[in-house]
Amino acid sequence: MKFPYGISDFNALIKEGYFYVDRTDRIPLLEEAGKQLLFLRPRRFGKSLLLNMLSNYYDLAMASEFDTLFGHLAIGKNPTEKHNQYLVMTWDFSSVLPMGSTNELKDVLYRYLNVAMEDFATTYQAQLKQPIKMYDDAAASFWSLINAVKASNHKLYLFIDEYDNFANEVMSSKIRNNDRYADLVYGEGLLKSLFKNVKAAAAGNGLDRVFITGVSPVIMADISSGYNVATNIYRSPRFNDLCGFTETEIKHALYQVANECQQRGDVLDTNMAMKTMRQFYNGYCFNQHDFTSVYNPTLALYFLKSLQEECRYPDNLLDHNLGMDRDRINYIVQLPNGAALIQRICDDSQQVIVPQLHDRFGVKDMLEQEQTQSELASLLYYLGVLTQDKVVDLGELQLRVPNLVIRSLYVEKLRKLLLPDVQSDDYRQAKNNFFKTGDLQPLCEFIQARLNVFSNRDYRWVNEFAIKTAFMMLLFDDRLYIVDSEPELKRQYADFTLIARPDMRQYEMLDHVMEFKFVKLNDVNLNGKEVQSLSDNELQELPQVQAAFTAAFAQLATYQPILFERYGEDILRLQTTAVVAIGFERVVWRKK
């Protein structure tokens, strides 16, 4: 089995025998959905492969290849009448680098479009009865192409991939000149004008179908009337897994990989591998009527490819190709209410609830008007760093972090946001010492010296969450652990667990479950200076602190058997640790 990590060429994928999850059964549904479709998914979710598959299916020039490419797939057994009936053209806006002045960007875009149209003319020269004239103005070239298509008695299917590439670049902070973005989408801006031409061509002028993919609805909001004819299918239950893998499909692939490993003399625990993939890559849901979740296909293929080649997990479960998602979170943090939203997302004791998902916000709105957390959360949903969880009271929608890979990006950002001057090397030794020995004292001292950061009322954090957040930011290490905050343990919720990854149990490190308590200064009848003057032993002897430890270990005692049952008592090397903060002055801890 070969896994097509990074391959979006459907023709090569099929002919060269790569692993392919068949989604061709949705083609009839797509035809029924409308003639101009907008389909949104996060980055690296297989949108380009989907478009390429559709292009091969509808392309008149690929008719002789139909049986080879589709004969063994669902649509090959029951094709629609439209297969191989179109002249097909694809515009991939990710190929247009948004750099330079507005005029320079216009030149780059028009050159790209003209090259695409010249390639179209070459491909279909036998079908076209009149030549396509190329102009410096690509819009004029486009109308020459439309007229040639009309004269040919054929129809055109236009695919536009990464239509919102320009807005995405704004949100990854690579375009600093937002006035230039305004020149693209507002008034008679370049992109708005281009989409107005597409809209006009589709109004009975030879352009029969348009399929557009992107990440967010931002540009559609910005160009408004320039292209207000698309049918939005990105939240339709019928297309929830149009891109993405189901758990059944992942299991099937894992069993095949396990068989290959067994033939090479390696043993692969498919149940444990499945559990790891579920925690790190699953969890995306794109509609609120069927909450069946799907796996990020790129991340899943990244994992499966490494597993097949080496019969072991990849060293880093976060694919570096998702690094741009960090930039999206950075963008949100820079907006009003953005930092507070990131902090709220990291607080598992709170929920992120929106009345509904917004889809009519543009870049200008976000830059010039203060957005609510609901609107910002909706944007994070489109970017793939939040997803739908469930419908709650009054039909509102609860959102959540999809999986541990995405959670690691939030924690990383939160750490940089709150402790910008702290480098990983500053606390790495203290962290590793705790992982191996369970000694939390060095890390407590490190955090204690910085507690003033968390006492800032601007962060709106109180009680044990502030302390838990501090430890979570510094202990989060998905290279070694399956890290979980507020995991459900039979209707109970532990504050924080660190369960060693199966492939890392070869190293001498403990599993950890932690509980955090907060004792106010008023409760111990001491002021800050008095608390700071006491030794750790004296603090732990205070009745209020002793009561906090007693409560924490009572909770930990209920978690321990549940964790043993879940992971195996013979597998876990479990340490329970209670941490008590006395105000924002001191931190003490005990372990069992």
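Sequential numbering of the sequence shown, starting at 1, is according to the UniProt record's numbering. The beta-carbon is built from N, C-alpha and C at its ideal position, and this holds for glycine as well. Predicted, not measured: the structure shown is a model, and the values here were computed from it.
The segment 262-281 makes no contact with the segment 327-342, as fewer than three CB pairs between them are under 8 angstroms. Per DSSP, the continuous alpha helix (DSSP H) segment holding residue 199 begins and ends at 190-201. By the Cβ test, the segment 250-269 is not in contact with the segment 61-71, since fewer than three Cβ pairs between them sit closer than 8 angstroms. When the five nearest sequence neighbours on each side are left out, the beta carbons in the same chain lying within less than 7 angstroms of the beta carbon of residue 49 are those of 8 and 10, in order along the chain. For residue 117, the enclosing alpha helix (DSSP H) starts and ends at 102-123. DSSP, read as helix, strand or coil, puts residue 157 in strand. Non-local beta-carbon contacts of residue 342 in its own chain, meaning distances under 8 angstroms to residues more than five positions away in sequence, involve 329, 332, 333, 410, 413, 414 and 417 in chain order. Assigned with DSSP and collapsed to three states, residue 295 falls in strand. In this chain, residue 569 is not harboured by any alpha helix (DSSP H), its DSSP state being neither H nor E. For residue 53, the enclosing alpha helix (DSSP H) begins and ends at 47-58. If you look at residue 416, you'll find it in the alpha helix (DSSP H) that goes 404-418. The C-beta distance from residue 3 to residue 299 rounds to 12 angstroms, too long to fall under 8 angstroms, and the pair is not in contact. Counting along the chain, the unbroken beta strand (DSSP E) around residue 512 starts and ends at 511-519. Judged by DSSP in its simplified three-state form, residue 2 adopts strand. For the pair residue 163 and residue 45, the Cα-to-Cα distance works out to about 15 angstroms. Secondary structure of residue 395 (DSSP, three-state): helix. Contact annotation: residue 194 and residue 166 have beta-carbon atoms that are not nearer than 8 angstroms. If you draw a 10 Å sphere on the C-beta of residue 509, you find 16 or more other C-beta atoms in it, and that means buried.
The shortest C-alpha to C-alpha distance from residue 286 to any of 338, 380, 22 and 301 is the one to 380. When C-alpha distances from residue 137 are compared across 157, 128 and 105, the shortest belongs to 105. Comparing alpha-carbon positions, the option among 112, 523 and 149 lying closest to residue 130 turns out to be 149.
Under the criterion of beta carbons closer than 8 angstroms, residue 221 and residue 210 do not qualify as touching, at roughly 18 angstroms. Bounds of the beta strand (DSSP E) holding residue 500 are 496-500.
In the three-state reduction of the DSSP assignment, residue 436 falls in the helix class.
Residue 284 and residue 295 have their C-alpha atoms roughly 6 angstroms apart. Looking at the backbone, the Cα of residue 272 and that of residue 502 are separated by about 7 angstroms. For residue 44, no alpha helix (DSSP H) segment is defined, and its DSSP state is neither H nor E.
In this structure, residue 38 sits away from residue 223, with a CB-CB distance that is not shorter than 8 angstroms. Annotation for residue 345: the continuous alpha helix (DSSP H) segment containing it runs 338-346. Put simply, of 549, 257 and 351 the residue whose alpha carbon is nearest the alpha carbon of residue 313 is 257. Contact check for residue 496 against residue 473 fails: the beta carbons are separated by 8 angstroms or more. Around the beta carbon of residue 113, 16 or more other beta carbons lie within 10 angstroms, which makes this residue buried.
The C-beta distance from residue 532 to residue 540 rounds to 15 angstroms, too long to meet the 8 angstroms contact threshold.
Residue 80 is positioned such that its CB atom lies closer than 8 angstroms to that of residue 31.
Counting only the Cα atoms, residue 73 lies some 7 angstroms from residue 22.
Secondary structure at residue 354: strand, using DSSP grouped into helix, strand and coil.
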